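Peer 1: Pasting in a structure now, in structure tokens, and then I'll have a few things to ask.
Residue numbers (the UniProt record's numbering): 1 to 335.
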């Protein structure tokens, strides 16, 4: 959803009818996500080789198409588990130039009502799929089952189009000048935070790994409203908090932290579940803080030393016939 919003905000006039701009868009997306992805994958390949572990379906991971596989071991349980979402991201990048002109046309012809209708339709698709998978029992199948909700509604790229479309639609609402009063936005932001915390704490059934089919539909509305409230009122309390230097720094390095944290945990002999399942003592809390700090440190280093230089190198290889690819000033958030 956030990627859809950021991309549409920056590339609202991109079309497939402009081959030069289209080429630069795709190269910029590859430069954004793939160099660090490949570096982490190379580390994991070498680690496997050193331990005599077979390199299974490596080509899928090299191309970042592993999430399309019905095999859970390929899709999410081998090499770098977070890599499945990069597969989803690349798919959404691929369809974006075909999608954004349609949303732009809808916005031009039907205005805010058309955009809200599209958002409602995208969410209705999510709800329908969840209802279907629940009624058929597929939502409750093991994550390793090729018919499971985990495969089709969680890690498969296609259902993620709904969230992406909502993000693109939110961007066009903002481009049409949608604003919120600071005080109103502050209350909306607070309400969204409360809803998220209540849903997350409502019980283990809402967060069980065995019920990933519900995740998208469960979080879509609060996060869509929150994103809109953040972007439409920069002066509101949560907007200002996220705009602080520390949060912006963490945000720009978040992709690197995301890609490196699981290999680092494995290297340290740690597991997310085992750390949280230990008895609640100060030593355990301190250990979690130390591990989290290491993850942030390694992620920041990977961002500064690998991700940013590699992206700049790739972009320098692309000839530019016009001053800019985007229509708007680059923000602190990348997609």
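Ideal Cβ positions, reconstructed from N, Cα and C, are used throughout, including at glycine. Model, not experiment: these values are computed from the prediction.
Quick check: the Cα distance between residue 218 and residue 195, rounded to an integer number of angstroms?
Peer 2: Locating residue 218 in the chain shown gives position 218, where the first residue counts as 1. Locating residue 195 in the chain shown gives position 195, where the first residue counts as 1. Approximately 11 Å, taken between the alpha carbons.
Peer 1: May I ask you to report which of helix, strand or coil DSSP gives residue 141?
Peer 2: Reading the chain shown from its first residue, position 141 is the one you call residue 141. Note: residue 141 maps to coil in three-state DSSP.
Peer 1: Going along the chain, which residues of its own chain have a beta-carbon closer than 6 Å to the beta-carbon of residue 173, five neighbours each way excluded?
Peer 2: For the purposes of this step, residue 173 is taken as residue 173 along the chain shown, with counting starting at 1. 115.
Peer 1: Report yes if the C-beta distance between residue 226 and residue 239 is below 7 Å; otherwise report no.
Peer 2: Here residue 226 is taken as the residue at index 226 of the chain shown, counted from 1. Here residue 239 is taken as the residue at index 239 of the chain shown, counted from 1. No, the pair does not count as a contact, with Cβ atoms beyond the cut-off.
Peer 1: Taking only the alpha-carbon atoms, compute the straight-line gap between residue 361 and residue 66 and give it to the nearest angstrom.
Peer 2: The chain is shown from 1 up to 335; residue 361 falls before or after that span and cannot be answered.
Peer 1: Using 7 Å as the limit for Cβ to Cβ distance, is residue 299 near chain C?
Peer 2: Absent from the structure is chain C; it holds one protein chain and no more.
Peer 1: Exposed or buried, residue 13, counting other C-beta atoms within 10 Å across all chains shown (16 or more means buried)?
Peer 2: The count along the chain shown starts at 1 and reaches residue 13 at position 13. So residue 13 counts as exposed.
Peer 1: Tell me which same chain residues have a C-beta within less than 8 Å of the C-beta of residue 329, skipping the five on either side of it?
Peer 2: Counted from its first residue, the chain shown places residue 329 at position 329. Model confidence at residue 329 stands at a pLDDT of 44, short of 50, so the residue's coordinates are unreliable; what they give is reported in the following sentence. Closer than 8 Å at Cβ, skipping near neighbours: no residue.
Peer 1: Within 10 angstroms of its Cβ, does residue 93 collect 16 or more other Cβ (buried), or is it exposed?
Peer 2: Numbered from 1 along the chain shown, position 93 holds the residue referred to as residue 93. By the neighbour-count rule (16 or more Cβ atoms within 10 Å), residue 93 is buried.
Peer 1: Rounded to a whole number of angstroms, what is the C-alpha to C-alpha distance between residue 255 and residue 109?
Peer 2: Working through the chain shown from its first residue, we reach residue 255 at position 255. Working through the chain shown from its first residue, we reach residue 109 at position 109. Their backbone Cα atoms lie some 36 Å apart in a straight line.
Peer 1: Which ranges does the alpha helix (DSSP H) cover as unbroken runs of at least 4 residues, wholly within the region 232 to 312, from first to last along the chain?
Peer 2: Qualifying alpha helix (DSSP H) stretches, in chain order: 237 to 242, 245 to 267, 272 to 277, 282 to 302.
Peer 1: Measure the beta-carbon distance from residue 306 to residue 39 and round it to whole angstroms, keeping in mind my assumption that it falls under 8 Å.
Peer 2: Position 306 of the chain shown, counted from the first residue, corresponds to residue 306. Position 39 of the chain shown, counted from the first residue, corresponds to residue 39. Correct: roughly 6 Å between the Cβ atoms.
Peer 1: Applying the criterion that 16 or more other CB atoms from any shown protein chain within 10 Å of the CB defines a buried residue, is residue 84 buried or exposed?
Peer 2: The count along the chain shown starts at 1 and reaches residue 84 at position 84. The residue in question, residue 84, is buried, as its Cβ has 16 or more Cβ neighbours within 10 Å.
Peer 1: List the endpoints of the continuous alpha helix (DSSP H) containing residue 59.
Peer 2: By one-based count along the chain shown, residue 59 stands at place 59. It spans 58 to 62 - the alpha helix (DSSP H) in which residue 59 sits, taken as one unbroken run.
Peer 1: Looking only at C-alpha atoms, which of 257, 53, 63 sits nearest to residue 88?
Peer 2: For this step, residue 88 is matched to residue 88 along the chain shown. Looking at the Cα atoms, 63 is the closest of the given residues.
Peer 1: Within this structure, are the beta carbons of residue 214 and residue 130 separated by less than 7 Å?
Peer 2: Within the chain shown, the letter at position 214 stands for residue 214. Within the chain shown, the letter at position 130 stands for residue 130. Contact: yes.
Peer 1: Rounded to the nearest angstrom, what separates residue 82 and residue 34 at their Cα positions?
Peer 2: Against the chain shown, residue 82 aligns to sequence position 82. Against the chain shown, residue 34 aligns to sequence position 34. Between residue 82 and residue 34, the C-alpha separation is close to 13 Å.
Peer 1: Would you identify the three-state DSSP class for residue 20, choosing helix, strand or coil?
Peer 2: Residue numbering aside, residue 20 sits at position 20 when the chain shown is read from its first letter. Residue state, collapsed to three classes: helix.
Peer 1: Since residue 259 and residue 36 should fall inside the 8 Å C-beta cutoff, what is the C-beta to C-beta distance between them, to a whole number of angstroms?
Peer 2: Numbered from its first residue, the chain shown carries residue 259 at position 259. Numbered from its first residue, the chain shown carries residue 36 at position 36. Between residue 36 and residue 259 the Cβ distance is about 6 Å, and since that is below 8 Å, they are a contact.
Peer 1: Once the 5 residues before and after residue 262 are set aside, which same chain residues still bring their CB inside 8 Å of it?
Peer 2: By 1-based counting over the chain shown, the position of residue 262 is 262. Hits under 8 Å: 80, 81, 82.
Peer 1: Find the nearest neighbour of residue 179 within the set 138, 163, 233, 316, judged by alpha-carbon distance.
Peer 2: Working through the chain shown from its first residue, we reach residue 179 at position 179. When each option's Cα is compared against that of residue 179, the closest is 233.
Peer 1: When you compare the CB positions of residue 103 and residue 168, do they come within less than 7 Å of one another, or not?
Peer 2: Indexing the chain shown from 1 puts residue 103 at position 103. Indexing the chain shown from 1 puts residue 168 at position 168. The answer is yes: Cβ separation under 7 Å.
Peer 1: Could you pull out every residue in the same chain whose Cβ sits closer than 8 Å to the Cβ of residue 44, ignoring the five residues on either side in sequence?
Peer 2: By 1-based counting over the chain shown, the position of residue 44 is 44. Excluding residues within five positions, the ones whose Cβ falls inside 8 Å are 79, 80, 263.
Peer 1: Give every residue of the same chain whose Cβ lies closer than 6 Å to the Cβ of residue 228, excluding the five residues on either side of it in the sequence, and list them in chain order.
Peer 2: Mapped onto the chain shown, residue 228 falls at position 228. Cβ within range, chain order: 170.
Peer 1: Count the other CB atoms within 10 Å of the CB of residue 198; is the residue buried (16 or more) or exposed (fewer)?
Peer 2: Position 198 of the chain shown, counted from the start, is the residue given in the question as residue 198. Exposed, because fewer than 16 other Cβ atoms sit within 10 Å of the Cβ of residue 198.
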